[in-house]
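Presented below is the structure to which this report refers.
Residue numbers (my numbering): 1143 to 1790.
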């Protein structure tokens, strides 16, 4: 049997064309089709069908302009695309195209002219790719970048800008413009060291900041920075390096915030805390000092009273009299010391009266001259027109003398001590900084040209027993006494000093109110007409025995009690009692509580309160006659005479 006929091989050109057609037909990610010279669709692959929705039967023979939107067709874009492809050998563009269902997609289009071997135009090859998703991603990224740019540009509380790797300003936002005062055209391209102070630039701070950020990945600091107008502000600064994908340094991101107000508020809070701490410390020291002075007064009362009684019992010319007088002098100096301690603790007894500061200072001129010596020049400026103040003149004179002596000691080579007084209206705005209540004050000042004080010394100057003078040259109680007196008068002691620039001490004293009246002249005391029956009360046996001995030496009959309750029991049994002398600080029942109990049963019975404290509860210090410890026998006799005549 004859075999099958042999297949006739196809020409190579036909094989290549068939393979190429299969290749093009199989591409689905690209629309690849032919246009005739007039722009009509001549072929159509599966990619074109997938992108545009037309089958080959539906689109072949149609003009390719149907893939364009109305605006593009109206503007002649389809014909222009063919002309460009024909003229330049290629047309490439991206734009919106229309699918069969009318929806749009973003297309990347390439059109190439096709010529035959003789150069005759046969048509155009057109390749289209759907880039809608990529464009959407790029658009989203662009919008994100734009939104971020707008965000950064719109921030006004932070200066956010970029520096190039050398530190020149590359971008500038609204916050940087507001904080630093530069417009973009004024600062772009300039080195960021323009924002630093001269001393920081001289120290190389700008470059050190960039080096730290590049090396450690971040630089952060708070420091002074300079605005365009030259003013300074306290800034919080953060610098981060900006690096490319390959890790190369592209520049720096810099964020600056003006925190001047926050810093001022923080410093003010710290000053307030320090002031509170100082106040609490001084209050604690005052309580301790007052307690020590009270106990010391009790001891001195016993010492002084006993010395007096012993001296009276020794004959004239006794060799022991000199020793007793020496001990008495030491005890009196101890009493003066306790008065200063009580002054600091604001617990000394004051005898206030209306006074003129000008007259008070004028009356001390002679004392000042003798105290200051020839090397010191005294300059007094106290107008006589100052409003009167209500003060204990003896205490104010002692305080002023302390201030003048301190001024003298601060100028061992001589100088000027200026004593001046002015009337000042302290407003509500001034009151807080001066630690005073609102109102009118007389400010009595003592200024020197001495060595002054550093901040640490100034902070401790009013503490009791703190002194910078040598051993034996000061007790450290002078300024503390003035400080306590000023507080007790309703004013304050203000110290201003710097090393090498002298010191100014200001004693602020409230002006007396309009209803203030001068105290009545005291009635001359007379001796007690007859011996009295006296009830003496004190919880301290030393004081009680000493007081009883002094009273008996004066000729009085004495009954003693060691507590308030003992005193009330004794009072109920006594057939006759003319006077009660009681201590204030006693356990169980204080002196003022005992006075209240006595007044309920013996309303007309005189009572004398013996104490070292000036501050008594419920204002009782103004209602009960007082005898301050330590006291001499003469003070005791005078107090008894005053009480029995109805005087305070």
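We put the beta carbon where it would ideally sit given N, CA and C, even for glycine.
_According to DSSP, simplified to helix, strand and coil, what is residue 1401?_
coil
_Residue span of the beta strand (DSSP E) that contains residue 1379, given as start and end_ = 1374 to 1385
*Leaving out the 5 sequence neighbours to the left and right, which residues in its chain are closer than 6 Å to residue 1769 when beta-carbon positions are compared?*
Excluding residues up to 5 positions away in sequence, 1750, 1752, 1781 lie with their Cβ nearer than 6 Å to the Cβ of residue 1769 in the same chain.
*asked:* Is the separation between the beta-carbon of residue 1398 and that of residue 1331 shorter than 8 Å?
replied: no
*asked:* Rounding to the nearest angstrom, what Cα-Cα distance links residue 1396 and residue 1220 in this structure?
replied: When rounded, the separation of the alpha-carbon atoms in residue 1396 and residue 1220 is 50 Å.
_Considering just the uninterrupted stretch of the beta strand (DSSP E) at residue 1587, what are its terminal residues?_
1581 to 1589
_On the DSSP letters alone, give me the boundaries of the alpha helix (DSSP H) that residue 1265 sits inside._
No alpha helix (DSSP H) contains residue 1265, which is instead part of the beta strand (DSSP E) from 1263 to 1272.
_Close beta carbons around residue 1590, own chain, < 7 Å, minus the five adjacent residues each side_ = 1549, 1552, 1553, 1557, 1559, 1644, 1645
*Residue closest to residue 1676, alpha-carbon to alpha-carbon, out of 1282, 1696, 1379, 1772*: 1696
*Reducing DSSP to helix, strand and coil, say where residue 1220 ends up.*
helix
*What do you reckon, are the CB atoms on residue 1393 and residue 1312 nearer than 8 Å?*
yes
*State the start and end residues of the unbroken alpha helix (DSSP H) segment that holds residue 1707.*
1706 to 1715
_Suppose the cutoff is 6 Å on Cβ atoms and the five residues either side in sequence are ignored; what does the same chain contact list for residue 1264 look like?_
Contacts found: 1256, 1258.
_Let me confirm a value: residue 1692 is counted as buried when at least 16 other C-beta atoms fall within 10 Å, else exposed. Which label applies?_
buried
*asked:* Classify residue 1498: buried if its beta carbon has 16 or more other beta carbons within 10 angstroms, exposed otherwise.
replied: buried
*Go ahead and pull the three-state DSSP assignment for residue 1593.*
coil
*Can you give the beta carbon distance from residue 1576 to residue 1588, rounded, assuming they're within the 8 Å contact cut?*
Contact doesn't hold; Cβ gap of about 18 Å is too wide.
*Would you decide whether residue 1690 is buried or exposed? Buried here means 16 or more other CB atoms lie within 10 Å of its CB.*
buried
*Cβ neighbour criterion (16 or more within 10 Å) applied to residue 1508*: Under this definition residue 1508 is an exposed residue.
*Excluding the five sequence neighbours on either side, which residues of its own chain have a C-beta within less than 8 Å of the C-beta of residue 1328, listed in chain order?*
1370
*Could you check what DSSP says for residue 1356 in three-state terms: helix, strand or coil?*
helix
_Please return the same chain residues whose Cβ sits closer than 6 Å to the Cβ of residue 1743, not counting the five positions on each side in sequence._
none
*asked:* With the cut-off set at 8 Å, would you say residue 1565 and residue 1528 are in Cβ contact?
replied: Against a cut-off of 8 Å, the Cβ pair of residue 1528 and residue 1565 comes out as a contact.
*Can you tell which of 1333, 1245, 1227, 1232 has its C-alpha closest to the C-alpha of residue 1209?*
Checking every option, the nearest Cα to that of residue 1209 belongs to 1245.
*Taking the alpha helix (DSSP H) that residue 1233 falls in, what are its first and last residues?*
Unbroken run through residue 1233 is the beta strand (DSSP E), 1233 to 1240; no alpha helix (DSSP H).
*Give the DSSP-derived three-state secondary structure of residue 1392 in the structure shown.*
strand
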